[in-house]
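S.K.: Can you read through this structure? Questions will come right after.
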Amino acid sequence: MESVTPPIRLEGVTQRYRVISERPDTLRELFSKFFRHKTTFHDFDALKNVSLTVPKGEMVGIIGRNGSGKSTLLKIIAGVYRPTAGRVQVTGSIAPLIELGAGFHHELTGRENILLNGLLLGYSKREMLDRQQAIIDFADIGDFIDAPVKQYSSGMYTRLAFAVATEVDPDILVVDEILAVGDLPFQEKCFDKLKRFRAAGKTILLVTHSMDQVLKFCDRAIFIEKGQVLFDGDPEQAVHFYRDRVLPSEPVLVEMSSH
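In our numbering, the protein residues as written are 3 to 261.
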């Protein structure tokens, strides 16, 4: 039987940054330290030897403290960063929802940005015009669709970005926390769409601080701490592991219904 190549595979991935330890106050001090070779810095590994495989049709929650390396991991998978070491293999088209407003031109309208995003993702103008009304209907931002996106609230950004990313029908959807800025009805609408995506064999990576979302929607969860994968497996066990490690020093976000 022929083996199926997983959509995402990472082998020994490390992402290293050089951090300047002493910041000069003026440009003159900067050049002085540079020419005297006195600028001090240290290396910081945002990810350390991470290996994981994500099969087709799986929804994976990625959890951990702020600054643990979750967003760096997504950016490497999305091709935003090239890792310092290791191997990354991504098979299929990918739609990243990593930073609020990323990929939007702030002077263009929402309608114009739909077309622009589609072209950047490799679709033709005709294909995006065919998808345009479905995107507008899902985003449900009314007349703001014809306003410059620089006038949008964070919720409007989220609505339009999610609508575009899911309507272009990628093989892999990468979502980093941006759904947290949407209201609860829109979040439910988004997760209904994600469930349909998973049923259609799409692969989904979700960075979230909501343990409820992990337990309710994810097939698997990965806990990252200081750039290392400390747990990879059953969502319920991952949540227990997360709470045992995090609760003493950091509150866990819990969704509450409004009345």
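Note that beta-carbon positions come from the ideal geometry of N, C-alpha and C, so glycine has one too. This one's a predicted model, so the numbers in the text were calculated from it and none came from an experiment.
Express the C-alpha separation of K58 and A201 in angstroms, rounding to a whole number.
M.R.: Computed Cα separation, rounded: 10 Å.
S.K.: Quick check on this structure: which residue in N115, F233, G112 has the alpha carbon closest to the alpha carbon of S53?
M.R.: Of the listed residues, the one whose Cα sits closest to S53 is F233.
S.K.: Measure the CB-CB distance between V216 and G63 and report whether it falls below 8 Å.
M.R.: Yes, Cβ-Cβ distance for V216 and G63 is below 8 Å.
S.K.: Rounding to the nearest angstrom, what Cα-Cα distance links E114 and L196 in this structure?
M.R.: Rounded to the nearest angstrom, the two C-alpha atoms are 25 Å apart.
S.K.: With 16 as the cutoff for other CB atoms within 10 Å, does K218 come out buried or exposed?
M.R.: The residue is exposed, with fewer than 16 neighbouring Cβ atoms inside 10 Å.
S.K.: Under 8 Å, do D45 and R84 count as touching if we go by C-beta distance?
M.R.: No, Cβ-Cβ distance for D45 and R84 is not below 8 Å.
S.K.: Taking the alpha-carbon positions, what's the G69 to R20 distance?
M.R.: Approximately 16 Å, taken between the alpha carbons.
S.K.: Given that a residue counts as buried once 16 or more other Cβ atoms are within 10 Å of its Cβ, and exposed if not, what is P121?
M.R.: The sequence given here places Leu at residue 121; Pro does not occur at that position. So L121 ends up on the exposed side.
S.K.: Taking the C-alpha atoms as reference points, what is the distance between D47 and F146?
M.R.: The straight-line gap from Cα to Cα measures roughly 42 Å.
S.K.: With H, G and I counted as helix, E and B as strand and the rest as coil, what does DSSP make of V6?
M.R.: Coil at V6, not helix or strand.
S.K.: Taking the alpha carbon of R247 as the reference point, which residue from R67, R11, M61 has its own alpha carbon closest?
M.R.: Per the Cα distances, R67.
S.K.: Under 8 Å by Cβ, that's how I've got I100 and V176 pegged, so tell me the actual separation to the nearest angstrom.
M.R.: Between V176 and I100 the Cβ distance is about 7 Å, and since that is below 8 Å, they are a contact.
S.K.: Who are the near neighbours of A240 in its chain, counting only those whose CB is closer than 6 Å to its CB and skipping five residues on each side?
M.R.: Cβ within range, chain order: A223, F225, F233.
S.K.: Kindly indicate which three-state DSSP category S70 falls into: helix, strand or coil?
M.R.: If DSSP states are grouped into helix, strand and coil, S70 belongs with coil.
S.K.: Whole alpha helix (DSSP H) runs in the segment 105-149 with 4 or more residues, listed along the chain?
M.R.: Runs of the alpha helix (DSSP H) inside the segment 105-149: 112-122, 127-141.
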